[in-house]
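Visitor:
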Amino acid sequence: MTNTIDKAAMALSSALLLAGIVVLGLVEILDGVPYGAAPTTNEAGEVIAQPGIDPAVRTGLVLAGLAILGLWGLYRVAVPATGVDRRTTTDATTGSQ
Amino acid sequence: MAYDVSNPHEGEFDLGRVGPLVPVWIATLRVVVGWWFFHAGVTKLIESGLNFTAGPSYLQGMGDTVLGPLAVWMGTAIPGVIGAIVPLAETLIGLALIAGALVRLASLGGAIFMAFFWVGNAEFGHGVVNGDLMGLLLFVTLLVLGAGRYYGLDAVLERLALVENHPRLRHLLG
Numbered sequence: 001m002t003n004t005i006d007k008a009a010m011a012l013s014s015a016l017l018l019a020g021i022v023v024l025g026l027v028e029i030l031d032g033v034p035y036g037a038a039p040t041t042n043e044a045g046e047v048i049a050q051p052g053i054d055p056a057v058r059t060g061l062v063l064a065g066l067a068i069l070g071l072w073g074l075y076r077v078a079v080p081a082t083g084v085d086r087r088t089t090t091d092a093t094t095g096s097q
Numbered sequence: 001m002a003y004d005v006s007n008p009h010e011g012e013f014d015l016g017r018v019g020p021l022v023p024v025w026i027a028t029l030r031v032v033v034g035w036w037f038f039h040a041g042v043t044k045l046i047e048s049g050l051n052f053t054a055g056p057s058y059l060q061g062m063g064d065t066v067l068g069p070l071a072v073w074m075g076t077a078i079p080g081v082i083g084a085i086v087p088l089a090e091t092l093i094g095l096a097l098i099a100g101a102l103v104r105l106a107s108l109g110g111a112i113f114m115a116f117f118w119v120g121n122a123e124f125g126h127g128v129v130n131g132d133l134m135g136l137l138l139f140v141t142l143l144v145l146g147a148g149r150y151y152g153l154d155a156v157l158e159r160l161a162l163v164e165n166h167p168r169l170r171h172l173l174g
């Protein structure tokens, strides 16, 4: 059984992960070279283009998402889920125990 | 990750209908990831013992990253602890995953390691999704799946009286 806190934690965690990797990845592509998150250099090793989004922002979003998942886990350690036994419920509805 | 006290033998994510390969594959994946960390740790122990000096130096160089303040503090304030804990923890995490014991606890530790590697290595030339992030996500996946229950010792440990009497301990097991 999931409650509002479970759903909010999982949604926020996934949203932050996908924002950091996919959404900002798309923004990075649309922003032009470099398409990755590292600077582009010429043959002399000089930086000729910086990523449009600081990699620290993207890694920070992902780690924040994972941290929320971890905090939710700690919450579930402190407050165990109290769902119904689905197997018993199914058996009960079909009349067999 | 959550453990349902009303139904300890069946989670909401049921793998039972997707074929017999799934538990075998999860166990295989767990052992491979375990070997990855065990190899990394035990070779450091052989080479440097409990004085892995590259660890603190690595953390001190993470100043510009999102984990910078924490990493730099760890590298400068407790270098001796870092030098000992890196090879030791990598080895123990690897052994735990190979044996399938305390897999969730070990996977959490592995995920923390990989978070520092992902951010610290910052090899993002082909984007932020690189091998380090994949390693991080592998540990999270093993943690979420409770991978120690599949051909692992956690399946035995969770039947011990100690665990039966203290169900919260299952959060550390597979």
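Residue numbers (the numbering used here), protein chains in the order written: chain X, 1 to 97; chain Z, 1 to 174.
For every residue, glycine included, the Cβ atom is placed at its ideal position computed from N, Cα and C.
(1) Give a yes or no on whether 8 Å exceeds the smallest Cβ distance from Z/W118 to chain X.
(2) Who pairs with X/T41 in a beta bridge, going by DSSP?
(3) Using 10 angstroms around the beta-carbon of Z/K44, count the other beta-carbons present and answer buried if the total reaches 16, otherwise exposed.
(4) Return the CA-CA distance between Z/L172 and X/V33, expressed in angstroms with no decimal places.
(5) For the alpha helix (DSSP H) holding X/G60, just list the boundary residues, first then last.
(6) Use the C-beta contact count for Z/V103: other C-beta atoms within 10 angstroms, 16 or more gives buried, fewer gives exposed.
(7) Report yes if the CB atom of Z/V128 is closer than 8 Å to the CB atom of X/T59, and no otherwise.
(8) Is Z/L97 near Z/A89, with beta carbons less than 8 Å apart?
(9) Do the stretch 21-35 of chain X and the stretch 71-78 of chain Z make contact, defined as three or more Cβ pairs closer than 8 Å?
(10) X/L16: buried (16+ other C-beta within 10 angstroms of its C-beta) or exposed?
(11) Compare the C-alpha of Z/F116 against each of Z/A101, Z/G100, Z/G135, Z/H126 and name the closest.
(12) Between the stretch 53-79 of chain X and chain Z, which residues of the former have CB atoms less than 7 Å from a CB of the latter, in chain order?
(13) Can you check whether the C-beta of X/A37 is within less than 8 Å of a C-beta belonging to chain Z?
Guide: The structure says:
(1) Translated into the one-based positions of the second sequence, residue 118 of chain Z becomes position 118. Flagged as an interface residue toward chain X: Z/W118, by a C-beta distance shorter than 8 Å.
(2) Reading the first sequence from its first residue, position 41 is the one you call residue 41 of chain X. Note: X/T41 sits in a beta bridge opposite X/V47.
(3) Here the question's residue 44 of chain Z lines up with position 44 in the second sequence. Z/K44 should be labelled buried.
(4) If you number the second sequence from 1, residue 172 of chain Z lands on position 172. If you number the first sequence from 1, residue 33 of chain X lands on position 33. Their Cα atoms are separated by approximately 45 Å.
(5) Taking the first sequence and counting its residues from 1, the one referred to as residue 60 of chain X is at position 60. Where X/G60 is concerned, the enclosing alpha helix (DSSP H) stretches over 55-78.
(6) As a position in the second sequence, residue 103 of chain Z is number 103, starting the count at 1. Classification of Z/V103: buried, given that the 10 Å Cβ count is 16 or more.
(7) In the second sequence, residue 128 of chain Z corresponds to position 128, counting from 1. In the first sequence, residue 59 of chain X corresponds to position 59, counting from 1. Yes, Cβ-Cβ distance for Z/V128 and X/T59 is below 8 Å.
(8) The residue labelled residue 97 of chain Z in the question sits at position 97 within the second sequence. The residue labelled residue 89 of chain Z in the question sits at position 89 within the second sequence. No, the pair does not count as a contact, with Cβ atoms beyond the cut-off.
(9) These segments do not touch.
(10) On the first sequence, position 16 is the one that residue 16 of chain X refers to. X/L16 is buried by the Cβ-count criterion.
(11) Numbered from its first residue, the second sequence carries residue 116 of chain Z at position 116. Out of Z/A101, Z/G100, Z/G135, Z/H126, Z/G135 has the C-alpha closest to the C-alpha of Z/F116.
(12) P55, A56, R58, T59, G60, L63, L66, G73, R76, V77
(13) In the first sequence, counting from the first residue as 1, residue 37 of chain X sits at position 37. Judged by the 8 Å Cβ criterion, X/A37 is in contact with chain Z.
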